[in-house]
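Undergrad: Quick one: this structure, given as structure tokens, is what I'll be asking you about.
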Amino acid sequence: MKIAIAIDSFKGSMTSQEAGVAAAKGIRAVFPDASICIRPLADGGEGTVTAITEGMGGSFRTITVTGPNGKPTDCCYGILSASRTAIIEMSGGAGMLQALGFDFLDAAGNPIPYGVQGLSLLKNIDTTHVLPELKECTFRIACDVTNPLCGPDGCSAIFGPQKGADTEMIALMDPWLAHYADLTKKIYPGADPDYPGCGAAGGLGFAFRTFLNASLESGIKIVLEETHMEDFIKDADIVITGEGRLDAQTVMGKAPFGVAQMAKKYGKPVLAFSGCVTPDAIACNQAGIDAFFPILRSVVSLEEAMDTDAAKANMSASVEQVFRVIKTFI
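For the sequence shown, this note's numbering begins at 1 and goes up steadily by one.
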């Protein structure tokens, strides 16, 4: 029996790799000779750096950077030496461009402060000091939102409240971003702040697409391609996937949905395991996940459920029981 395992991280509890190893332990308790392949999984959000870097045999590096509050903070990113690829999770468009040598200047020709408030002083964008190495780089951006840069559906209005911005602050920030987009068009006439995804990650989508000619793509699409998931799924007898919580949002482009769609291309059965499921998770059954199972085995506190060792044990035990059922039909 050949089994392909690709489970998204259980955020704050298990990494993708840890969840996969735990599931494999449960399978081998029933089928000790099973051929099991564990592949990293993420959807472009939290856990993507870890999943791809570990899954592709890369290495991690840590560097001190300037955080959103202007203070130094450590940033961990992945390096795949063979393909000369870096994987990084980040947000904030103008700050990223400033770090790469784009000069964002005020009326006196001085660099504007970091952060969105600095955009209120922006009068000119200069490309004289841009890192020359960027000409040799290509960028793929995992972007699953379709928000434009500005307006009622823009990054300020939609994501600002999540970061603590009130109505008054949003009313200030949105015009700043619109002005920034207008100045950008003087350098890059094709700049389109309304393009779907330009409002992602504090305007990071607009910055990458416009200044660095990046492509904005589905996060799960990038992960599945970069990890060569299809090569493993097409040869499997059963495909195992999952995430911390299965609900109706799972079928809206999240990682398990991507795995299920790929598996159904080859007619493979798909089983999913999660920390919990909601009533509307039934949508997963119509989206290629043949059956799903929550791994919690008793009523516990959130803290107990999130404990890594407990989560691993629950995963192994739940998967084992499901495969005992499978064994009775073979």
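Even glycine gets a Cβ: it sits at the ideal position worked out from N, Cα and C.
From the DSSP output, which residues share a beta bridge with residue 140?
TA: Paired residues: 215.
Undergrad: Going along the chain, which unbroken runs of the alpha helix (DSSP H) with 4 or more residues stay wholly within the stretch 36-64?
TA: Listed in chain order, they are 48-55.
Undergrad: Keeping to the same chain, check which residues put their C-beta closer than 6 Å to that of residue 237; ignore five residues upstream and five downstream.
TA: Answer for residue 237: 1 and 2, listed in chain order.
Undergrad: Which residues in the same chain have their Cβ closer than 6 Å to the Cβ of residue 75, if we skip the five residues on either side of it in sequence?
TA: Once the five neighbours on either side are set aside, the close Cβ partners of residue 75 are 63 and 65.
Undergrad: From which residue to which residue does the alpha helix (DSSP H) around residue 264 run?
TA: That run of the alpha helix (DSSP H) goes 255-265.
Undergrad: Give me the Cβ distance between residue 244 and residue 10, rounded to the nearest whole Å; I'm assuming they're in contact under 8 Å.
TA: Right, their Cβ atoms sit about 4 Å apart.
Undergrad: Is the beta carbon of residue 360 sitting closer than 8 Å to the one on residue 58?
TA: Shown here, the chain extends from 1 to 330; a query on residue 360 therefore has no answer.
Undergrad: Counting pairs of beta carbons, one from the stretch 19-27 and one from the stretch 310-328, are three or more of them closer than 8 Å?
TA: The stretch 19-27 vs the stretch 310-328: in contact.
Undergrad: If you count every other CB in all the chains shown that lies within 10 Å of the CB of residue 180, and 16 or more means buried, which is it?
TA: Buried.
Undergrad: Suppose you measure from the CA of residue 183 to the CA of residue 292; what does that come to, to the nearest Å?
TA: Near 50 Å, if we compare the C-alpha coordinates of residue 292 and residue 183.
Undergrad: Just the Cα atoms here: how many angstroms apart are residue 201 and residue 33?
TA: Approximately 45 Å between the Cα atoms of the pair.
Undergrad: Give a yes or no on whether the C-beta atoms belonging to residue 239 and residue 277 are separated by under 8 Å.
TA: No, Cβ-Cβ distance for residue 239 and residue 277 is not below 8 Å.
Undergrad: Given residue 146, which residues of its chain have a CB within under 8 Å of its CB, disregarding the five upstream and five downstream residues?
TA: Here the set comprises 196 and 197.
Undergrad: For residue 77, which three-state DSSP category applies?
TA: In this structure, residue 77 counts as strand in the three-state DSSP scheme.
Undergrad: Note down the Cα distance separating residue 127 from residue 224, rounded to an integer number of angstroms.
TA: Near 35 Å, if we compare the C-alpha coordinates of residue 224 and residue 127.
Undergrad: Any idea if residue 17 is buried or exposed, counting beta-carbon neighbours within 10 angstroms, 16 or more meaning buried?
TA: The residue in question, residue 17, is buried, as its Cβ has 16 or more Cβ neighbours within 10 Å.
Undergrad: Could you tell me how far apart the beta carbons of residue 329 and residue 4 are, in whole angstroms, since I believe they sit closer than 8 Å?
TA: Contact doesn't hold; Cβ gap of about 20 Å is too wide.
Undergrad: I'd like to check one pair, residue 88 with residue 102: are the Cβ atoms closer than 8 Å?
TA: Their beta carbons are not under 8 Å apart, which means residue 102 does not touch residue 88 by this criterion.
Undergrad: DSSP three-state call for residue 120: helix, strand or coil?
TA: Reduced to three states, the DSSP call for residue 120 is helix.
Undergrad: How would you label residue 280, buried or exposed, when you count the other beta carbons within 10 angstroms and need 16 or more for buried?
TA: Burial call: exposed.
Undergrad: Measuring straight from C-alpha to C-alpha, what distance separates residue 283 and residue 250?
TA: Their Cα atoms are separated by approximately 8 Å.
Undergrad: Assuming residue 134 contacts residue 212 under a Cβ cut-off of 8 Å, what Cβ separation, rounded to an integer in Å, is found between them?
TA: Their Cβ separation, rounded to whole angstroms, is 7 Å, which keeps residue 134 and residue 212 in contact under 8 Å.
Undergrad: Assuming residue 149 and residue 155 make a contact with CB atoms under 8 Å, what is their CB distance in whole Å?
TA: Between residue 155 and residue 149 the Cβ distance is about 6 Å, and since that is below 8 Å, they are a contact.
Undergrad: My assumption, with CB atoms under 8 Å, is that residue 160 sits in contact with residue 173. Please give the rounded CB distance.
TA: Correct: roughly 6 Å between the Cβ atoms.
Undergrad: Are the CB atoms of residue 295 and residue 274 within a distance shorter than 8 Å?
TA: Yes. Within cutoff.
Undergrad: Is residue 240 near the ligand NAD, with its Cβ less than 7 Å from a heavy atom?
TA: Absence of the ligand NAD is noted for the structure shown, with no ligands found whatsoever.
Undergrad: Considering only the alpha carbon of each residue, which of 73, 214, 151 and 94 lies closest to residue 175?
TA: Per the Cα distances, 151.
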